[in-house]
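First up is the structure itself, then whatever we jot down about it.
In this note's numbering, the protein residues as written are 940 to 1296.
Right, here's the structure in full:
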């Protein structure tokens, strides 16, 4: 069983409904989003066809796991990063499926790697919109919309970023529908249903009472199934079954952790990385993005560069990640799990900086 976390803080999921979603007010909001996104899409399509004349753009051939390939024929999708338009400080981001259909449209505060700002629209291969998200400083914030592949509303939720008074970000799911448009969760009450990413089976379901998880919740992840009990949204206990191996647990899911926490990991990287001498002499700078797996025993494996700057910088980033001390592995459904991490490392002519994306 594999799982994927980003390097930020874990999220707590709270479910409630403040107002009836998809009434006149919500329809108006979606209509406004449509008005915003249509000209953005038109702009990118025109730029892609005409090369935007003097506007610089970089084209990347991407795999679904976020890695880069050298040839279009090997790519799962194409990403185009454009210089900011007049009056804007954000770089345009456009992604396309191999057949030319739009996959994503948005803006980034970084020039060669998406750190999203503002509204981002995502699309299924059939051309239907899959999500409309809002970002601030690379993190989700505010109301987020998800849709079924047939275009019907699926989930509406609100992301509240962490603050000094709220150390853990909160995800509040306000509405949930089936693929025909029938409301399953409305005004904070009902039976919540979420599918796997391919909509082949129900991945998570349970009762909502007054906006909170209540009672028995069921989960499925590949061949693993689990049942967890909640009271007023607080996890009480769980039992999971993986091919007949039964595990009872009283601790909710936890992320893998570097000894001392994220700040210690940052210090480890900053103290360990050596700027490649040849790159320093040539004035080469850039951002190397590395992915790796934290194994069930806490060791590091599958280290890969998914965004390259130079062979020497890539090798240095891999070297430092490879020599990392063992981590405390992540736990999900009472079991240790393999966990994927993404680490961007910025090489600058000055102190080497690592930032959590």
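In this text, a Cβ means the ideal position worked out from N, Cα and C, and glycines have one as well.
Closest by C-alpha distance to residue i, when choosing among the options
i            : options                   : result
residue 1261 : 1144, 1272, 1239 and 1245 : 1239
residue 1048 : 1037, 1040, 1031 and 1041 : 1031
residue 1158 : 1143, 1168 and 1112       : 1143
residue 1220 : 1287, 1155, 1263 and 1267 : 1287
residue 1025 : 995, 1004 and 1044        : 995
residue 1110 : 1096, 1034 and 1078       : 1096
residue 1234 : 1265, 1021, 1244 and 1166 : 1265
Exposed unless 16 or more other CB atoms sit within 10 angstroms - verdict on residue i
i            : result
residue 1052 : buried
residue 1115 : buried
residue 1273 : buried
residue 1276 : buried
residue 1177 : buried
residue 1254 : exposed
residue 1121 : exposed
residue 1130 : exposed
residue 1195 : buried
residue 1268 : buried
residue 1141 : exposed
residue 1010 : exposed
residue 1206 : exposed
residue 1147 : buried
Chain-order list of residues whose beta-carbon lies under 7 Å from that of residue i (same chain, five-residue window excluded)
i            : result
residue 1251 : 1215, 1217 and 1218
residue 1074 : 1055, 1056, 1057, 1059 and 1080
residue 1036 : 1016, 1042 and 1064
residue 1259 : 1208, 1211 and 1212
residue 1185 : 1178
Close-in-space but distant-in-sequence residues of the same chain around residue i (CB under 6 Å, 5 per side omitted)
i            : result
residue 1040 : 1066
residue 1164 : 1180
residue 1281 : 1230
Bridge-paired residues (DSSP) for residue i
i            : result
residue 1181 : 1163 and 1184
residue 1170 : 1173
residue 1040 : Paired residue(s): none; residue 1040 is not in a bridge.
residue 1150 : According to DSSP, residue 1150 bridges with nothing at all.
Cβ neighbours of residue i in the same chain (closer than 8 Å, five flanking residues each side left out)
i           : result
residue 974 : Unreliable positioning characterises residue 974 in this predicted model, as indicated by a pLDDT of 47, which lies under 50. The coordinate reading is nonetheless provided below. Contacts found: none.
Which complete beta strand (DSSP E) runs does the segment 1000-1031 hold, if anything under 3 residues is left out? Runs of the beta strand (DSSP E) spanning 3 or more residues and lying entirely within the segment 1000-1031 occur at 1016-1021, in chain order.
Which full runs of the beta strand (DSSP E) of 3+ residues lie inside the segment 1200-1274, going along the chain? 1225-1233, 1239-1246 and 1269-1271
Beta strand (DSSP E) runs wholly inside the segment 1077-1141, at least 3 long, in chain order: 1081-1086, 1092-1099, 1109-1116, 1122-1125 and 1128-1134
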